[in-house]
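Numbered by the working numbering, the letters in the sequence shown go through residues 17 to 316 in order. Just so you know, even glycine gets a beta-carbon here, dropped at the ideal spot from N, CA and C. Worksheet for the structure shown next.
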Amino acid sequence: MVNLQDVERLAPSVVASVLEYEEAYNGGAYNAHNLVKSVSMICSTCIATICPVSCKLIHGLLSRQLLSKTEYTLWSVFGNDPIRFSLEEFGSITGLNCGEFPAGYDPPDHNSKDANKQKDAHNNSFWQKLIGNYNNIMIADLANQLENDHAMSERRRIRLALIIIVDGVLIASQQVHRPTLRYVKMLENVDDFLEFPWGRESFIHTVRCMKPPMFDKGKQVHDSVGMLVQKLKQETFRLTRFPLALQLLAFRAIPMLQSKISAPFHEYTIIDLTKPHLPNHPSIDLNEVLLVEENPEVNI
C-alpha cells in the first residue's frame with residue numbers, strides 16, 4: 017500500500033528533478049510534470065492528507081463487494097446502494113493516463129509463481145547503467161541517491177525520479193518497494209515512458225488484488241470467492257498497487273463521509289511542503305462510517 021510519508025519525503029527531490037530535466041533538455045516541453053502532478057494531486061487531496069488511509073474502510077468495501085463477471089470492475093455496496101470502481105473512476109480520481117496500452121504490450125501478472133520483478137536484472141546493460149550491479153536494490157536506496165548525490169547527472173536523476181513514482185507509489189507490489197526490471201528498461205526512452213498509460217497499468221494490478229483471485233502463485237484457484245473470503249477474515253490482508261484510490265472513490269461517492277473527518281480542511285499540496293511531513297491526523301473512525309451508512313439522508 018502507498019506510504020504517504022515516503023511520498024512526502026521524496027516529493028521535493030522528485031519534482032525538482034523532473035522540472036530541471038524538462039528545462040534543460042526540452043525547453044520545458046516534456047510531459048513529465050503531468051505524471052508528478054497527478055501523483056501529487058492524489059496524495060495531496062484533502063482525503064489523503066487530512067484523513068490517512070483507512071484500512072477498515074477499504075476492508076469494509078471489499079467485504080461487501082458484489083460478484084461481477086467483469087474482470088476489471090469492482091462493485092461494492094454501501095447502505096442499499098451500489099458503488100462502482102472501474103477504470104473510469106480510477107482515471108477520474110487520479111488524473112493519470114488510462115488510455116490503451118501500446119501495441120503488443122502485455123501487463124505482467126505479479127501473482128504468477130515466477131513473477132520475480134528483478135530476476136537477472138543485473139545482467140541487463142541498461143539496469144547496470146541506471147541502477148547498478150544489484151538485483152535486490154530497494155526504492156529507498158534510489159531515493160537516498162536522488163536526495164544526496166548532488167553530482168548525479170540530470171539524465172540519471174529524471175529516470176530515478178520516475179521509477180520511484182511508478183514502483184514506489186503507483187505499482188508498489190511488495191512491502192519493501194523495489195524497482196521492476198520491465199519498467200527500468202522502459203526508461204531508455206523517457207518520452208515513451210511518459211506517454212505510457214500508467215493509470216491503466218496501476219488500476220489493472222490494483223483491482224486484481226481486490227477481487228476473487230483466479231490464480232494464486234501460478235496455480236488456478238478453484239474456489240476464488242472462498243479464497244478471498246478467507247483472506248478477508250485474516251487479521252491482516254495485504255493489498256498492493258494503489259488501493260488508496262478506492263478510499264478516495266468512497267469519499268467522492270458518499271459526500272457525507274467527509275463530514276466525519278476530524279481534521280480541518282486545507283489546500284496544501286505535497287509540493288508546498290516546507291517541513292519533512294504533513295501534519296499527522298487520525299483516520300476516519302469506523303463507527304462514524306457505520307453511522308453514515310445508517311443515516312436515512314445519506315446520498316450516494
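Just to check my reading of the structure: residue i and residue j have Cβ atoms closer than 8 Å, yes? What is that Cβ distance to the nearest angstrom?
{"i": "P213", "j": "E309", "result": "The pair is not a contact, with the Cβ atoms about 34 Å apart (cut-off 8 Å)."}
{"i": "C114", "j": "G184", "result": "Contact flag wrong, Cβ pair sits at about 20 Å."}
{"i": "A266", "j": "I109", "result": "In fact, because the Cβ distance is near 10 Å, the residues do not count as touching under 8 Å."}
{"i": "R194", "j": "I147", "result": "Contact doesn't hold; Cβ gap of about 10 Å is too wide."}
{"i": "P123", "j": "E217", "result": "6 Å"}
{"i": "I180", "j": "I155", "result": "6 Å"}
{"i": "A137", "j": "N151", "result": "5 Å"}
{"i": "L197", "j": "N140", "result": "6 Å"}
According to DSSP, simplified to helix, strand and coil, what is residue i?
{"i": "R25", "result": "Low confidence applies here, because R25 scores a pLDDT of 47, under 50, leaving its location unreliable; read the following figure in that light. In this structure, R25 counts as helix in the three-state DSSP scheme."}
{"i": "F209", "result": "helix"}
{"i": "P98", "result": "strand"}
{"i": "L112", "result": "coil"}
{"i": "S189", "result": "coil"}
{"i": "L260", "result": "helix"}
{"i": "S92", "result": "strand"}
{"i": "L83", "result": "coil"}
{"i": "T196", "result": "coil"}
{"i": "T61", "result": "Annotation note: pLDDT 47 at T61 (below 50); position unreliable, no value reported."}
{"i": "G184", "result": "helix"}
{"i": "S169", "result": "coil"}
{"i": "G148", "result": "coil"}
{"i": "M202", "result": "helix"}
{"i": "I155", "result": "helix"}
{"i": "V305", "result": "helix"}
{"i": "F142", "result": "helix"}
By alpha-carbon positions, which one of the options ends up nearest to residue i?
{"i": "F106", "options": "H166, R257 and G242", "result": "R257"}
{"i": "L248", "options": "V69, L78 and D232", "result": "L78"}
{"i": "S70", "options": "V305, N315 and V314", "result": "V305"}
{"i": "V223", "options": "Q191, Q263 and V237", "result": "Q263"}
{"i": "Q190", "options": "Q274, L90, G95 and R254", "result": "R254"}
{"i": "I270", "options": "K85, L82, S92 and Y88", "result": "S92"}
{"i": "Q144", "options": "K201, V206 and L210", "result": "K201"}
{"i": "P312", "options": "S84, F94 and S240", "result": "F94"}
{"i": "K85", "options": "D207, L302 and M230", "result": "M230"}
{"i": "V192", "options": "Q250, L82, E251 and L158", "result": "L158"}
{"i": "P118", "options": "K72, C225, D301 and F209", "result": "F209"}
{"i": "I316", "options": "H238, V182 and Q274", "result": "Q274"}
{"i": "P259", "options": "D239, M226 and I277", "result": "M226"}
{"i": "H221", "options": "V237, V182 and H238", "result": "V182"}
Beta-carbon within less than 6 Å of residue i's beta-carbon, same chain only, minus the 5 sequence neighbours each way: which residues are those?
{"i": "L244", "result": "P228"}
{"i": "F219", "result": "L103 and F106"}
{"i": "M272", "result": "V308 and V314"}
{"i": "L302", "result": "K72"}
{"i": "E87", "result": "none"}
By Cβ distance, which residues of its chain are closer than 7 Å to residue i, with the 5 residues on each side in sequence left out?
{"i": "E204", "result": "F142"}
{"i": "R80", "result": "S92 and V93"}
{"i": "L317", "result": "Summary: the structure shown does not reach residue 317, with the chain confined to residues 17 through 316, and so no result is reported for it."}
Among the residues of its own chain, which have a CB less than 8 Å from the CB of residue i, if the five just before and after it don't count?
{"i": "S33", "result": "Because the pLDDT of S33 is 49, which lies under 50, any placement of that residue in the model is unreliable, and the number read from its coordinates should be weighed accordingly. L162, E170, R173, I174, L176 and A177, listed in sequence order."}
{"i": "R100", "result": "T89, L90 and W91"}
{"i": "V241", "result": "L83 and P228"}
{"i": "K276", "result": "I300, D301, E304, V305, L307 and V308"}
{"i": "G76", "result": "L302 and V305"}
Return yes when at least one heavy atom of the ligand PLP lies under 7 Å from the C-beta of residue i, else no.
{"i": "T89", "result": "The ligand PLP is not part of this structure, which contains no ligands at all."}
Requested in this report: Could you pull out every unbroken alpha helix (DSSP H) segment of at least 4 residues lying fully inside the stretch 231-256, listed in chain order?
Outcome: When DSSP assignments are scanned along the stretch 231-256, the uninterrupted stretches of alpha helix (DSSP H) that are 4 or more residues long and fall wholly within it turn out to be 240-249.
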